[in-house]
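Novice: Pasting a structure below so you can have a look.
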Amino acid sequence: MVWWQVLLAAFVAAVVLRVGFVVIRNVANPLPPPPPPGELRRVRLVYRCGVCGAEVRMTAAANEDPEPPRHCMEEMELQHPDD
């Protein structure tokens, strides 16, 4: 009865150590530098026209906070980041 508890404890300890090392490795890696000006950056934004209801998903922009697109002569509203 005791041997399976020892085996289970060893397995749980190995999993906790593995997850801990992965988290520490991810925190230790620095963020990549931003791309040079003029290059497109990846964004995932969804805009909706308040007049007609048309939706646009923006996937690339010159900066991380782009101006909203215009439709029906009005600025579109940011709905949600597309996760």
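Numbered according to the working numbering, the sequence shown terminates at residue 164, and the numbering increases by one at each position without gaps. Where is the CB? At the ideal position from N, CA and C, for every residue including glycine.
1) Could you give the residue range of the beta strand (DSSP E) that holds VAL127?
2) In three-state terms, what does DSSP make of LEU88?
3) Could you tell me how far apart the beta carbons of ARG125 and THR140 are, in whole angstroms, since I believe they sit closer than 8 angstroms?
4) Just how far apart, CA to CA, sit GLY134 and PRO147?
5) Can you give me the start and stop residues for the beta strand (DSSP E) that ALA142 sits inside?
6) Thinking C-beta only, is ARG123 closer than 7 angstroms to GLU145?
7) Tell me, to the nearest whole angstrom, how far the beta carbon of ARG129 is from that of GLU158; I am working on the premise that it is less than 8 angstroms.
8) In whole angstroms, give me the CA-to-CA distance for PRO113 and TRP84.
Specialist: So, to answer that:
1) One-based indexing of the sequence shown puts residue 127 at position 46. Here the beta strand (DSSP E) through VAL127 covers 122-129.
2) Indexing the sequence shown from 1 puts residue 88 at position 7. Taken through DSSP and simplified to helix, strand or coil, LEU88 comes out as helix.
3) Mapped onto the sequence shown, residue 125 falls at position 44. Mapped onto the sequence shown, residue 140 falls at position 59. ARG125 to THR140, Cβ: 6 angstroms. Contact.
4) As a first step, residue 134 is located in the sequence shown; it is residue number 53 there, counting from the start. As a first step, residue 147 is located in the sequence shown; it is residue number 66 there, counting from the start. Take the alpha-carbon of GLY134 and the one of PRO147: they are about 20 angstroms apart.
5) Translated into the one-based positions of the sequence shown, residue 142 becomes position 61. 136-142 is the extent of the beta strand (DSSP E) around ALA142.
6) As a position in the sequence shown, residue 145 is number 64, starting the count at 1. As a position in the sequence shown, residue 123 is number 42, starting the count at 1. Going by C-beta atoms, GLU145 is not nearer than 7 angstroms to ARG123.
7) Here residue 129 refers to the residue found at position 48 of the sequence shown. Here residue 158 refers to the residue found at position 77 of the sequence shown. Between GLU158 and ARG129 the Cβ distance is about 6 angstroms, and since that is below 8 angstroms, they are a contact.
8) Reading the sequence shown from its first residue, position 32 is the one you call residue 113. Reading the sequence shown from its first residue, position 3 is the one you call residue 84. If I take the Cα positions, the gap works out to 47 angstroms.
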